[in-house]
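Visitor: Encoded as structure tokens, here's the structure I'll be asking about.
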Amino acid sequence: MTPTIRYVPNTYSFSGEDFPACSPSEFLERLKKKQPTYEVIIDDEKVKYYFDFDYYLLEQSSYNLDAIKCVDSIFKKDICEALYETTGINPKIHTMESHSQDIGDGRSKYSLRYYISNMIGTKKNVKDFVI
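Here you go:
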């Protein structure tokens, strides 16, 4: 059986629970074409631990990449300490960034995603840890 990936075609306009699905190769093609593609991960699916941070600024004049570097440093430290305290494992954190001074509606956005490469759990485990 060929694995399928469920995805949200556009987070700004999609609603409902009937997510489209495609093969891994089709998913990669969507990404290469820079089509809006956000993978849907269900609660009992195993994933590497990850944490998302998105912050929107109402005024573009407040956009400052030095500020997000400071926030990133604090988050990494806090995530490492909390995971080590809970699991006894030193987490290996990898960060992906996607910041924009203008997302098209007059706002700016900072976006950080932290992947923990040496920890796996279900999406529900990750949610329970954060809450």
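In my numbering, the protein residues as written are 24 to 154. Glycine is no exception: its CB is placed at the ideal position from the N, C-alpha and C atoms.
#1: State the DSSP-derived secondary structure class of Ile116, mapped to helix, strand or coil.
#2: When the Cα atoms are used, what is the spatial distance from Glu68 to Phe50?
#3: Just the C-alpha distance for Cys93 and Asp128, rounded to the nearest angstrom, thanks.
#4: Assign Thr145 to one of three DSSP states: helix, strand, or coil.
#5: What first and last residue would you give for the beta strand (DSSP E) that runs through Leu51?
#6: State the DSSP-derived secondary structure class of Phe42, mapped to helix, strand or coil.
Guide: Checking against the coordinates, here is how it stands:
#1: Three-state DSSP puts Ile116 in a strand.
#2: When rounded, the distance between both Cα atoms is 18 Å.
#3: Rounded to whole angstroms, Cys93 to Asp128 spans 26 Å at the Cα level.
#4: Under the three-state reduction of DSSP, Thr145 is assigned to strand.
#5: Not the beta strand (DSSP E): Leu51 falls in the alpha helix (DSSP H), residues 47 to 55.
#6: Here Phe42 sits in coil by DSSP.
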